[in-house]
Structures are given as structure tokens and as C-alpha cells.
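Trainee: Its first residue numbered 234, the sequence shown is counted upward by one per residue in the numbering used here.
Built from N, CA and C at the ideal position, the CB exists for glycine as well.
Nothing here was measured: the structure is a model prediction, and the numbers come from that model.
Here it is, the structure, as C-alpha cells.
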Amino acid sequence: MVDELKEANKSAAELAEKKYLSEKDKATLTAEQKKNEQFFADADSYQTVQQRRDTSKSLLKDLAGKQEKIEKEFSENEKPASELIESTKALLASSDVSAEEKEQLTKASQTLTDTLQLKEIEPGQLNTHYQALQTNYTDISASSERRAAEAKKKAEQEAAAAAAAAAQAEKQNNAAAQASAAAPTQVGGWYQAPAGYKFLKPDSGKTYGQVKNPGNYQLITAAEAANYSPGHGNGSAKQ
234 MVDELKEANK SAAELAEKKY LSEKDKATLT AEQKKNEQFF ADADSYQTVQ
284 QRRDTSKSLL KDLAGKQEKI EKEFSENEKP ASELIESTKA LLASSDVSAE
334 EKEQLTKASQ TLTDTLQLKE IEPGQLNTHY QALQTNYTDI SASSERRAAE
384 AKKKAEQEAA AAAAAAAQAE KQNNAAAQAS AAAPTQVGGW YQAPAGYKFL
434 KPDSGKTYGQ VKNPGNYQLI TAAEAANYSP GHGNGSAKQ
């Protein structure tokens, strides 16, 4: 029976070398080996040794089963979990994520990171923490994309409004410039039509280059004046 305890210690040492056990479980194995070693040289009670053997075998069985389950879980989820953590880091750097959302993501990401590092690990934890971060990531990523799209649309609308306002201002400025350019200039007692324009006498259909009272005439372009005939000079109008 003492030989069985020695075999149990050998198995415990091998199990402690396995990757997928927490430091706490490995410490439990070390403590178990020390308990067994007490009976290697001094085993006066058959019942005590038997109880120690049974307890040790049961513990080894439980921890070995636990290690196998965790190893299988890591083989299935370790890579996608690591990739999700990297994606989460990128999302956390986005300006479209609120402070509250960043807190949620950071907490879930840290929990999954600790699990991958085997700081505290039980069967099923990796999958549970991976799914928790995946849910947070999916929801917050969708919200971030929606806010980014809304911000882009708003920026485009503002840009369009600014462009329209600028175009309207330019149109008004051009109209004002044209109006200013089309203003007659007074030379002595006569008003000279601006370059490219003529004075039209509406009732006679005659055009003139200079008039004394521009209020009695209509200012038209030279192209429009081609539809009328030049008038003869008189006391109030001349070419």
C-alpha cells in the first residue's frame, strides 16, 4: 500500500507538469505528495495508510480529468479567443466607443486574458468568458459602427449645406458685382451707359448710349439692344 502511495506521488509529479492546470491545483498536488511522503518510512496504521491512498487516488483522478477537459477546451477555443482579444483592443482604441462601453469591454477582455494565462481556471471557464466577450464585442461594435455612420452622414449634410450656402453667397456677390458694373456713370449732365449696355426708351423702342434722365429709360445689354434700333440724338438722349 505504501508502494501505491509512491506511485501516486509519481503520477502527481507528472500531472503537475501538465500545462492546463491552475497554480492552485498544482500547489494542491505538491501538498498531496508531502502528505503521502509521511508514510514512506513510518506506516504504523494500516487504516490510516489505506485512507491516505484512497484520498490521493481520488484527488489524482479528479485533477487528471479536469486537466483533460481544460486541454480539450483550449484546443478548440484558445486561438479564436486570442484573436478576439486583439480585435477588442482595436475597438477600444476607437473614438466611437463610449466610456461605459470601454469599461465593459476592458473588464470582459481582462477576464478572458486571465483565463488564457491559466491564473484561475476551471473546466468550461474559457468557453464562458470567450462567449461573454464575444457578445460584448458584437453589440458594442455594432453601436460604434452605427454612431460612425450617423456622424459621417451628419458631416456630409453639414458639408452640403455649407457648399450650398457658399454657392448662394457667391451668386449674390456676383449679382451685386454685376449690378455695380451695370450702374451708369455721370459725365457732366449726361449719364453714360456702362460697357456692354444701352438705354432703351420703352415707348419708342429706340436705344441710346447717353441720357440725361436714366429714370425714363430701361438699361439693357448690348445683345438685347440688337433687337432694337438706335435712336437719333436729341436734347435728352444721344448715342
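Y279: buried (16+ other C-beta within 10 angstroms of its C-beta) or exposed?
Mentor: The count along the sequence shown starts at 1 and reaches residue 279 at position 46. Exposed, because fewer than 16 other Cβ atoms sit within 10 Å of the Cβ of Y279.
Trainee: Apply the 10 Å Cβ neighbour rule to D372 and answer buried if 16 or more other Cβ atoms are within range, or exposed otherwise.
Mentor: In the sequence shown, the residue the question calls residue 372 occupies position 139. Answer is exposed; the Cβ neighbour count stays below 16.
Trainee: Cα separation between A382 and L351?
Mentor: Residue numbering aside, residue 382 sits at position 149 when the sequence shown is read from its first letter. Residue numbering aside, residue 351 sits at position 118 when the sequence shown is read from its first letter. The alpha-carbon separation between A382 and L351 amounts to approximately 39 angstroms.
Trainee: Got a sec? Which residues, its chain only, sit under 6 angstroms from S377 by beta carbon, not counting five neighbours each side?
Mentor: Start at 1 with the first residue of the sequence shown, and residue 377 comes out as number 144. Excluding residues within five positions, the ones whose Cβ falls inside 6 angstroms are S327, D329, V330.
Trainee: Which residues mark the beginning and the end of the beta strand (DSSP E) in which V420 is found?
Mentor: For the purposes of this step, residue 420 is taken as the residue at position 187 of the sequence shown. Unbroken beta strand (DSSP E) run through V420: 418-420.
Trainee: Check each candidate in A276, D275, A274, A249 and name the one with the smallest Cα separation from A264.
Mentor: Residue 264 sits at position 31 when you count from the first residue of the sequence shown. For A264, the nearest C-alpha among the options comes from A249.
Trainee: How many Å lie between L317 and E270 at the Cα?
Mentor: Here residue 317 refers to the residue found at position 84 when the sequence shown is read from its first residue. Here residue 270 refers to the residue found at position 37 when the sequence shown is read from its first residue. Linking L317 to E270 through their CA atoms gives a straight-line distance of about 45 angstroms.
Trainee: Just verifying my parser: in three-state terms, what is the DSSP assignment at Y450?
Mentor: Here residue 450 is taken as the residue at index 217 of the sequence shown, counted from 1. Coil at Y450, not helix or strand.
Trainee: P333: buried (16+ other C-beta within 10 angstroms of its C-beta) or exposed?
Mentor: The residue labelled residue 333 in the question sits at position 100 within the sequence shown. The sequence given here places Glu at residue 333; Pro does not occur at that position. By the neighbour-count rule (16 or more Cβ atoms within 10 Å), E333 is not buried but exposed.
Trainee: Which residues does DSSP pair with V444 in a beta bridge?
Mentor: Residue numbering aside, residue 444 sits at position 211 when the sequence shown is read from its first letter. DSSP, once it has assigned bridges, lists Y424, A470 as partnering V444.
Trainee: Out of L433, N467, T321, state which residue places its alpha-carbon closest to the alpha-carbon of A455.
Mentor: As a first step, residue 455 must be located in the sequence shown, where it is residue number 222. The shortest C-alpha separation from A455 is found at L433.
Trainee: Where does S331 sit, in a helix, a strand or coil, going by DSSP?
Mentor: Start at 1 with the first residue of the sequence shown, and residue 331 comes out as number 98. In this structure, DSSP gives S331 a state outside helix and strand, which the three-state scheme calls coil.
Trainee: Relative to the alpha-carbon of D295, which residue among A426, N446, T261 has its alpha-carbon at the smallest distance?
Mentor: Translated into positions along the sequence shown, residue 295 becomes position 62. The shortest Cα separation from D295 among A426, N446, T261 belongs to T261.
Trainee: Per DSSP, F307 forms a beta bridge with which residues?
Mentor: Start at 1 with the first residue of the sequence shown, and residue 307 comes out as number 74. In the DSSP output, where bridge partners are listed per residue, F307 has none listed.
Trainee: In whole angstroms, give me the CA-to-CA distance for T440 and K385.
Mentor: Residue 440 sits at position 207 when you count from the first residue of the sequence shown. Residue 385 sits at position 152 when you count from the first residue of the sequence shown. Those two C-alpha atoms are separated by around 57 angstroms.
Trainee: State the DSSP-derived secondary structure class of L433, mapped to helix, strand or coil.
Mentor: Looking up residue 433 in the sequence shown gives position 200. Note: L433 maps to strand in three-state DSSP.
Trainee: Hey, E355 and D347 are a contact pair by Cβ (cut 8 angstroms); roughly how many whole angstroms apart?
Mentor: As a working note, residue 355 is residue 122 in the sequence shown. As a working note, residue 347 is residue 114 in the sequence shown. Contact doesn't hold; Cβ gap of about 12 angstroms is too wide.
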